[in-house]
Amino acid sequence: MYRVKSTFGVPTYAYQVSGEYAMLKAASQNGWLDEKAVVMESLLAFKRAGADGILSYYAMEVARWIKKET
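Everything in the sequence shown is counted per the working numbering, starting at 1 for the first residue and increasing by one.
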């Protein structure tokens, strides 16, 4: 992501695919992981990689989580 941003100098977006969403959702429903913690870390990884924006099936849930914290 960093190389794309530096090469082209345009805003760069990441897309969290439906398969990742389904995997995280199923694992959390089975009690194998803390859904909120893992999702937030996953999205933070996109940001650390340089994403200006992130498209995710979790967008509405994350917005609610963030709103609840403030």
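C-beta: ideal position from N, C-alpha, C; glycine also.
For residue j and residue i, the rounded distance between their alpha carbons
{"i": "Tyr-21", "j": "Lys-5", "result": "25 Å"}
{"i": "Pro-32", "j": "Ala-26", "result": "What sits at residue 32 in the sequence shown is Trp, not Pro. Taking the straight line joining both Cα atoms gives about 9 Å."}
{"i": "Leu-24", "j": "Thr-7", "result": "32 Å"}
{"i": "Ala-37", "j": "Lys-67", "result": "16 Å"}
{"i": "Thr-70", "j": "Val-62", "result": "13 Å"}
{"i": "Phe-46", "j": "Ser-18", "result": "16 Å"}
{"i": "Asn-30", "j": "Gly-9", "result": "42 Å"}
{"i": "Ser-28", "j": "Gly-53", "result": "25 Å"}
Residue closest to residue i, alpha-carbon to alpha-carbon, out of the options
{"i": "Pro-11", "options": "Leu-33, Ala-49, Ser-42", "result": "Ala-49"}
{"i": "Val-39", "options": "Asn-30, Glu-69, Ala-59", "result": "Ala-59"}
{"i": "Ala-51", "options": "Ala-14, Arg-64, Ser-42, Gly-9", "result": "Ala-14"}
{"i": "Trp-65", "options": "Ser-18, Met-1, Glu-35", "result": "Glu-35"}
{"i": "Tyr-57", "options": "Asn-30, Gly-9, Ser-42", "result": "Ser-42"}
Neighbourhood of residue i by C-beta, 8 Å cutoff - its chain only, sequence neighbours within 5 removed
{"i": "Leu-55", "result": "Tyr-13, Ala-14, Tyr-15, Gln-16"}
6 Å CB neighbourhood of residue i in its chain, flanking five on each side removed
{"i": "Tyr-2", "result": "Gly-50"}
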